[in-house]
Amino acid sequence: MSDAKALFVLHEAAAGYALFEVVAFEEIGALLEGADTISDLDRFSRAMKLKAFQPFESAEDALSSINAISEHSCTDGLHAFLEMNLPKIKKKKEGKPPAFALGVVDPALATAIADGMPGLSCRSDETVREVLRGCRLHLPRMVKGLGGGSQEQAQLGLGHSYSRGKVKFNPARSDNMIIQSIALLDQMDKDLNTFAMRVREWYSWHFPELKDLVKDNYMYARCAAFIQDKSSLCVGTKGGEDTAEGGDDDADGPEDKLPGLVEIIGDEEVANAVVTAARTSMGMDCSAVDMVNIVNFTQRMVKLAEYRKQLASYLTDKMAVVAPNLSTLIGDTVAARLISKAGSLTNLAKAPASTVQIL
């Protein structure tokens, strides 16, 4: 297995540090030959012996230790644990193998431990990973107090704390808001186009001439929601003399609608053209129930379009804080899409020019 005369294996569990010693190299070799033999506790116990186990003092200690391990750093607690339970490290003589070696599952952590403890030989290979698989499997039965679900509870609690800390202290959390906003904007653009087509098709059965006079989808939806029944534009318009002689109620109908149309469209000539088209419209009449459904859907589309404008304004303000230079160079929307494609602003900053060109 190795040129070293002895092999120790370090296992970082959720409950603490465990150090195992290989007592029978031949037995380990036999265990590695079969896929299921390492799950046999009797055979595994003949080859491996639990040298020491040091539980974490508290949940905070466990979290700080696992954070250090994830960053490939050897903590003072781990250093003291290894120094106390490993044999005394002697200076390595040329031409002679080391007295023992320490197996670690992570090569970067093995390098950090070797740097912190000069003279210690560390290894991380397939054999060590297979041995650690058996250590992880049989640890609850080899350490008193970890049975009965205690290890699972420790793993669950540490996993939640570790994930919560990663999310809370995520340096790219501002980037996440930009990525989500631009993704929502793109989705809303597709949805608004679909809804606008549906509004035009649905309301054109009642007032087909409106789509030729008002081209903008948002303005068309606002006009449809405001006009509702086209006959409301024609009240009192047949026979000018009758209108003058009629009551004030008839005269107020078109006067109430026209200023609202002018305000929505922004052009008095187009608004008058809409009123004129309503008088001679060839569209079908709608019942009150049908018109209520058309108007409800149209109003929802209008509110969605207004929210889309608010979201675009929010994205502009966010980009001005997170990436003002990038926004000035290529614009807010394109800059946000670049950040979204790269995954974060940090990844985009680290990317070479060729990658940015591909994005």
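Residue numbers are given in the numbering used here: position 236 of the sequence shown equals residue 1252, and the series is strictly consecutive. By construction, the Cβ of each residue, glycine as well, lies at the ideal position given by its N, Cα and C atoms.
DSSP places F1036 inside the beta strand (DSSP E), whose first and last residues are G1032 to V1038. In the three-state scheme derived from DSSP, where H, G and I count as helix and E and B as strand, K1104 is classed as coil.
For the 8 angstroms CB-CB criterion, K1334 and M1193 form a contact.
One alpha carbon belongs to D1056, the other to I1374, and they sit about 52 angstroms apart. Per DSSP, F1313 is one residue of the alpha helix (DSSP H) stretching across A1304 to V1338. Straight across, the Cα-Cα distance linking C1138 with G1173 is about 30 angstroms.
Per the Cβ contact rule, the region 1297-1305 is in contact with the region 1216-1234 (3 or more Cβ pairs under 8 angstroms). With distances taken between CA atoms, T1210 lies nearest to A1237 out of V1230, D1191, A1237 and A1199. The beta-carbon distance between L1277 and F1242, rounded to whole angstroms, is 7 angstroms. This is short enough to meet the 8 angstroms contact definition. Its chain contains A1287 and V1291 as the residues whose beta carbon lies nearer than 7 angstroms to that of L1274, once the 5 sequence neighbours on both sides are disregarded; these appear in chain order.
Going by beta carbons, L1155 and A1029 fall inside the 8 angstroms limit. Going by beta carbons, A1115 and P1123 fall outside the 8 angstroms limit. A1124: not part of any beta strand (DSSP E); member of the alpha helix (DSSP H) spanning P1123 to G1132, first to last residue. Annotation: the continuous alpha helix (DSSP H) that includes F1242 extends over N1233 to I1243.
Annotation: the continuous alpha helix (DSSP H) that includes M1158 extends over E1142 to M1158. Non-local beta-carbon contacts of T1127 in its own chain, meaning distances under 8 angstroms to residues more than five positions away in sequence, involve H1088 and C1138 in chain order.
Per DSSP, the unbroken beta strand (DSSP E) holding L1066 starts and ends at M1064 to P1071. According to the DSSP assignment, A1075 belongs to the alpha helix (DSSP H) that extends over A1075 to S1086. By the 16-neighbour rule on beta-carbons within 10 angstroms, S1179 is exposed. Counting the other Cβ atoms within 10 Å of the Cβ of D1191 gives 16 or more, which makes it buried. Of the candidates L1320, S1074, A1369 and L1201, L1320 places its Cα closest to the Cα of N1233. Boundaries of the beta strand (DSSP E) harbouring A1117: F1116 to G1119, taken from the DSSP string. Annotated three-state conformation of E1225 is coil, per DSSP.
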